[in-house]
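> Numbering (our numbering), first residue to last: 65 to 563. Built from N, CA and C at the ideal position, the CB exists for glycine as well. No experiment lies behind these values; they were computed from the predicted model shown.
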Amino acid sequence: MSNFAMGYVIFFTFAAVLMIIAAFINRRFPIENVDELLAAGRRVPFGIISASVFTAWVWTGTIMGASEAGVWYGVSGGFNYGWGAIIPFIIFIPVALRLRRIMPNTTTFVEFIRERFGDKLANLFFVFGVALVLYVCVMQSVGIAYAFQYAFGMSYKLVAFVSAMLFSGYIAVAGLRGSIYNSVFQFFVIMIVVFITVPFLIKEIGFENMYNGLLQASTDTQHPNYNPEALSFFSGAGLSYGFSAVVVAMGQVLLSQGYYSTAASASSSRSLLWAYLIGTIVAWLPIPIIFGNVVGGGVYSLELTAEQLAVSSGAAPTIFSHFLGSYGAIAFVILIFMAGLTTGGNGLAGIQAMFTIDFYKKYVNRNAVEKEQTSFGRKVTFLSGVVIGLVASLLEGVSLLKIDIFSGILFAAPTASLIIGLWSDRLNTKVAFLSILGGLLSGLTAYFTITDQDLNWFVGNMLSLGVPFVIILLSLPFSREKYNFVKLKDYQPEHKVNY
């Protein structure tokens with residue numbers, strides 16, 4: 065069988081497995097109402113939630129982006145990617161628990177924003193939430209397409225489009241429960257691939273070769289990847305990237321409805337807490353550290369340049385193929401395929417929830433019954449897959465890490481009003497809106513006006529996250545607002561909630 069044909073066999077075999085699982089879940093747990101579709105009946109056990117959280121946060125960017133960070137920043141790259149992306153999840157856990165306690169019948173964070181700040185700000189958060197999920201899903205399709213293109217020479221555009229249709233298809237069929245239960249299968253596949261291939265990869269590259277490559281890159285000014293801080297665990301550039309990763313991930317976590325839907329599906333607050341802690345810190349954190357150091361070290365040992373990799377995002381598939389041959393290429397593609405599909409599925413489960421709860425019955429059909437709501441949610445999910453596939457197919461040759469860094473400026477600004485609004489009764493709607501506007505304007509201005517390309521992205525991200533917090537905190541002592549959180553306990557959505 066040719067290499068090209070092998071790629072298609074792998075792609076469509078795993079696609080068939082995932083759709084079979086989705087069909088089985090749909091038959092085993094028939095979706096009879098909105099809550100079953102969007103929150104899996106709110107009875108999902110701890111272990112399955114943990115696996116779902118882990119796989120939803122193992123993006124294609126976790127593997128390819130962390131590997132790219134290892135190329136850019138040396139030994140500090142993967143570590144800074146990891147801690148930067150974990151902190152927002154540590155923040156998300158109390159946010160999800162607080163929302164569950166004060167507003168137990170909610171599913172989407174937009175519902176809270178609407179009750180807390182009114183329709184106008186809720187609509188703004190709805191736009192941010194939808195845009196974020198579309199961006200995240202595009203990233204997954206791009207990563208999957210890169211992997212199949214590098215490993216098997218398959219058409220980038222075809223893989224990007226079909227992969228988007230695949231994860232939109234199984235979410236449309238089986239809803240959030242389909243995403244969660246598919247993630248259990250994907251969890252085992254990812255873990256098996258990592259635990260089998262990484263030790264072989266380390267053996268083939270050799271620790272000594274990694275070290276010598278990094279040492280030469282840090283001392284030889286003629287080295288194609290010259291970086292005087294390549295061996296510094298606390299390099300200035302690496303730490304700057306770590307702080308920027310916090311900003312980038314802040315919006316990606318706190319504005320991603322899929323994580324709120326997964327939290328709502330947990331059987332109890334206790335299981336939610338431990339599932340998210342284990343799924344992120346214990347299971348997820350080692351992944352970017354491993355790939356940043358192993359793949360980055362492999363690139364330094366071979367003295368590869370960005371031009372030889374096409375884009376830096378090609379570092380991981382190149383290293384797997386070079387050192388492990390065709391078996392390494394196959395293993396890497398399976399790893400990326402599983403990571404991208406589960407993250408894309410989780411994201412689209414969030415879009416499904418937002419359009420079903422926060423859009424359809426409010427703006428399209430006020431008299432809709434639950435069957436009509438679920439039907440609309442499924443159609444939107446499928447249509448979103450088409451949009452994601454088309455956009456992803458146009459991004460061939462673009463660096464995943466550069467896209468990721470810029471996204472922080474766009475999506476970090478609204479997080480301050482969401483976080484503070486959950487606890488402070490003094491934050492009003494006008495200040496919340498001004499804080500978002502201030503964060504966006506300051507971040508984008510810095511990014512496009514600072515000429516230093518090594519500084520503009522960092523300052524832009526810091527301002528986008530920090531300025532809204534400053535605006536809100538300075539305004540609180542002067543606010544006459546006294547919001548009554550108690551009334552949120554009586555909130556009832558326009559669909560039956562299962563308990």
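Which residue marks the beginning of the alpha helix (DSSP H) containing F225, and which one marks its end?
Its alpha helix (DSSP H) spans residues Y220 to I269.
> Would you say W136 reaches chain C, if we count a Cβ-Cβ gap shorter than 8 Å as a contact?
Looking for chain C here will not work: only one protein chain is present.
> Could you give the C-beta distance for L196 and L486, rounded to a whole number, given that I count them as a contact under 8 Å?
With a Cβ gap of about 19 Å, L196 and L486 do not count as contacting.
> Report back the beta-carbon spacing between S299 and Y137 to the nearest angstrom; my notes put them in contact at under 8 Å.
So it is a contact: roughly 6 Å between Cβ atoms.
> So, helix, strand or coil for A330, using DSSP?
If DSSP states are grouped into helix, strand and coil, A330 belongs with the strands.
> CB-CB under 6 Å to G378, same chain, minus the five flanking residues each way: which ones, in chain order?
Only Y214 meet the Cβ criterion.
> Terminal residues of the continuous alpha helix (DSSP H) containing R164?
Segment S140 to I166, the alpha helix (DSSP H) holding R164.
> Going by the beta-carbon positions, is the gap between G19 and V174 smaller than 8 Å?
In the structure displayed, the chain extends from 65 to 563; residue 19 sits before or after that span and is not available.
> Is the Cβ-Cβ distance between A347 and L336 less than 8 Å?
Against a cut-off of 8 Å, the Cβ pair of L336 and A347 comes out as no contact.
> Determine, using beta carbons only, whether Q416 and L102 come nearer to each other than 8 Å.
In contact: Q416 and L102 (Cβ atoms closer than 8 Å).
> Alpha carbon to alpha carbon, how far is K267 from S365?
Near 13 Å, if we compare the C-alpha coordinates of S365 and K267.
> Considering only DSSP beta bridges, list what V363 is partnered with.
Answer by DSSP bridge pairing: none, since V363 is not bridged.
> Could you tell me if Q321 is buried or exposed, where buried requires 16 or more neighbouring beta carbons within 10 angstroms of its beta carbon?
By the 10 Å Cβ count, Q321 comes out buried.
> Starting from W123, trace the alpha helix (DSSP H) in both directions and tell me its first and last residue.
Note, W123: premise wrong, no alpha helix (DSSP H); not H, not E.
> Should the stretch 269 to 286 be regarded as contacting the stretch 436 to 452, the criterion being three or more beta carbon pairs within less than 8 Å?
Result no; under three Cβ-Cβ pairs closer than 8 Å.
> Closest to A87 by C-alpha separation, out of T344, L498, A236 and L412, would be which residue?
Comparing Cα positions, the closest option is A236.
> Quick check: P478 and F189, are their CB atoms within less than 8 Å of each other?
Yes; because the gap between Cβ atoms is below 8 Å, this pair is in contact.
> Whole angstroms is fine: what's the gap from I89's alpha carbon to S471's?
Cα to Cα, the separation comes out at about 34 Å.
> Run the CB neighbour count on P381, radius 10 Å, all protein chains shown included, and call it buried at 16 or more, exposed below.
Buried, by the Cβ-count rule.
> What are the boundary residues of the alpha helix (DSSP H) that I95 is part of?
I95 -> no alpha helix (DSSP H), and no H or E assigned at all.
> Helix, strand or coil, according to DSSP, for V561 in the structure here?
Here V561 sits in coil by DSSP.
> How far does the alpha helix (DSSP H) with F416 in it reach, from first residue to last?
In the sequence as displayed, the identity of residue 416 is Gln instead of Phe. Per DSSP, Q416 belongs to the alpha helix (DSSP H) from A379 to A417.
> When the Cα atoms are used, what is the spatial distance from S376 to I166?
Note on S376: pLDDT 48, under 50, position unreliable in the model; no value is reported.
> Count the other C-beta atoms from every protein chain shown that fall within 10 angstroms of the C-beta of D516, then say buried if there are 16 or more, exposed otherwise.
It counts as exposed.
> Going by CA-CA distance only, name the one from L161, V444 and F297 that's closest to S140.
Minimum Cα distance to S140 is reached at F297.
> Run through DSSP, which three-state label would V462 get?
V462: coil per DSSP, three-state reduction.
> Kindly indicate which residue of L458, L519, V495 and N429 has the alpha-carbon position closest to the one of I469.
Nearest C-alpha to I469: L519.
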